[in-house]
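One structure is given here, and the rest of the page talks about it.
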Amino acid sequence: MMSRLDALRSFLRSKRIGIMLVGKPVNVRYFSGFTGDSTILLITHDRQILITDGRYDDQARLECPSFEIVKHETGLMRETAAQLKSIGIRLIGVEGNFLTVDALNALQKFLPDWIFKPLTLDGLRQIKDADEIERIRRACAIADRAFAEVLNYIRAGVREIEIAARLEYLMRQYGSERAAFETIVASGLNGSYPHARASTKVIANGEFVTMDFGAVFEGYHSDMTRTVMVGRATDEQRRIYEAVLNAQLIGLKEIRAGVSGRYVDKKAREALNAAGLEKNFTHGLGHGVGLEIHEEPRLSKFSACGELKPNMIVTDEPGVYIVGLGGVRIEDTVLVTSDGAKPLTHSPKILIELN
Ligand code: ZN
Ligand code: ZN
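For the sequence shown, my numbering gives the first residue as 1, with consecutive numbering after it.
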């Protein structure tokens, strides 16, 4: 935790901020190790304070030995304001993408002369340490295992939600804390919506089934998509599948430390363009994965994330969505290294035809 706090402090120094209020639970966890909620960290250049309530008092002492623990009895914002007043630094960094308007109004009421500067700390979590990589690797292994087994349940006549339920059941059985996000199972025409949900639609012969799902291991996520065929693929379905797979493999080939997320996205997009499918690829190529399912860096046309760096973990997930026909998406979670991308999800990607 200390090296993470060091990184936070140099970030604050670069912004000329003397104190930061951290409340977004994944950031509280990242900087302190605390796994509960309803808690605020106050980080100055020489102190770290954790403010929580009676439910979490003991847990905080156990999980965060290097923090001063303050138990509030009068309300989290009131106690936070009291602590800020006693510290006395009047320019305070707050998480602009998390702190609610109500919470900010409460702080401003208690501290009328203070200035609150919105900052985003999420970028500090982009480069993973060995423990984080290991946890994501475990989450990916759980998803791989569930995928291998769920293939036994996919056939014509089964509803999408049954497959989603089975995937989530299997992942939990193999050690996942919960589903990483709402599991997507999209068959046939439903596959033409990139963010289709698992519905009560019955899967039919001759349909693609796209499954996008992930596990969570000790707070860290995995993210994988596979598309399988029920019955035999037509020539056109096979052509689309191969085009997406080709773009996905080009993404894997191009991901490495030193290139930008924008560049990798462009390369995969060019591959789909060559197959006449670029306009059917309607989202970015990938995103960072960690304590959150979608985090920095972004692999997209609009990515402002700069160069990929060793030990970032990102997804590579091109997809093609054709109204009236369906869709195909293939996604791996991968580790960025200086000599290329190392996939952490390993499920097969050749077209599987189930019958
Ligand atoms: Zn996904
Ligand atoms: Zn994803």
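The beta carbon of each residue, even a glycine, is placed where N, CA and C say it ideally should be.
Check: residue i C-beta below 6 Å from any heavy atom of ligand 1
| i | result |
| --- | --- |
| D212 | yes |
| T225 | yes |
Residue i: CB within 6 Å of a non-hydrogen atom of ligand 4
| i | result |
| --- | --- |
| E292 | Summarising the ligand content, the structure contains ligand 1 and ligand 2 and does not contain ligand 4. |
Residue i vs residue j beta-carbon contact at 7 Å
| i | j | result |
| --- | --- | --- |
| A196 | A186 | yes |
| V230 | E207 | yes |
| T120 | N105 | no |
| V336 | D316 | no |
| A271 | I250 | yes |
| V356 | L344 | Absent from the structure is residue 356, since the part of the chain shown begins at 1 and ends at 355. |
| I17 | G93 | yes |
| G288 | E295 | yes |
| I361 | R61 | Because the chain in this structure spans residues 1 to 355, residue 361 falls outside the shown range and cannot be described. |
| I136 | Y30 | no |
| A164 | A215 | no |
| D265 | L299 | yes |
| V323 | S192 | yes |
| T74 | I40 | no |
| V202 | R166 | no |
| V328 | N280 | no |
| Q48 | F34 | no |
| C305 | G276 | no |
| A103 | A156 | no |
| I161 | A198 | yes |
| Q126 | M312 | yes |
| F72 | D58 | One point to set straight first is that residue 72 is His, not Phe, in the sequence displayed. Against a cut-off of 7 Å, the Cβ pair of D58 and H72 comes out as no contact. |
Per-residue DSSP class, three states only, for residue i
| i | result |
| --- | --- |
| Y153 | helix |
| L62 | helix |
| V101 | helix |
| E79 | helix |
| S192 | helix |
| S38 | coil |
| P25 | helix |
| E134 | helix |
| Q126 | coil |
| G306 | coil |
| V202 | strand |
| G251 | helix |
Neighbour-count burial assignment, residue i, 16 or more Cβ in a 10 Å radius
| i | result |
| --- | --- |
| K128 | buried |
| F302 | exposed |
| P297 | buried |
| Q173 | exposed |
| N190 | buried |
| H45 | exposed |
| R55 | exposed |
| N152 | exposed |
| P318 | buried |
| T227 | buried |
| V314 | buried |
| L91 | exposed |
| T183 | buried |
| S32 | buried |
| M2 | exposed |
| I350 | exposed |
Chain-ordered residues, beta carbon under 6 Å from a heavy atom of ligand 2: D223, H287, T315, E317 and E331
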